[in-house]
Amino acid sequence: MTRTEAGETVLQAFTSDAALPSGWSTWQRATGRELAGVLAGKRLQLNPGSAVTATIPGDDVAARVRG
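The sequence shown begins at 9 in our numbering and counts up by one.
Here you go:
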């Protein structure tokens, strides 16, 4: 996890191995359901640094998983 200049906590995630930036040596594989459990009050940033990046409120992800 990382913090923005505004103080928000962001979890960066990648949708595939191909989307991982070169040089990243530490990462772990997780499902969306697993991520939802740690996203309360945070933001989920998908594929940061790529041509298509999305940032989603973690509370929205968690609520969607809970149904």
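Every residue gets a Cβ at the ideal spot worked out from N, C-alpha and C, and that includes glycine.
- As DSSP reads the structure, residue 21 sits in a beta bridge with 54.
- Here residue 70 is near residue 44, since their CB atoms are less than 9 Å apart.
- Spanning the alpha carbons of residue 25 and residue 35 requires a straight line of approximately 10 Å.
- By the criterion of a C-beta distance shorter than 8 Å, residue 47 is surrounded in its chain by 19, 66, 67, 69, 70, once the five residues flanking it on both sides are discounted.
- Assigned with DSSP and collapsed to three states, residue 38 falls in coil, not helix or strand.
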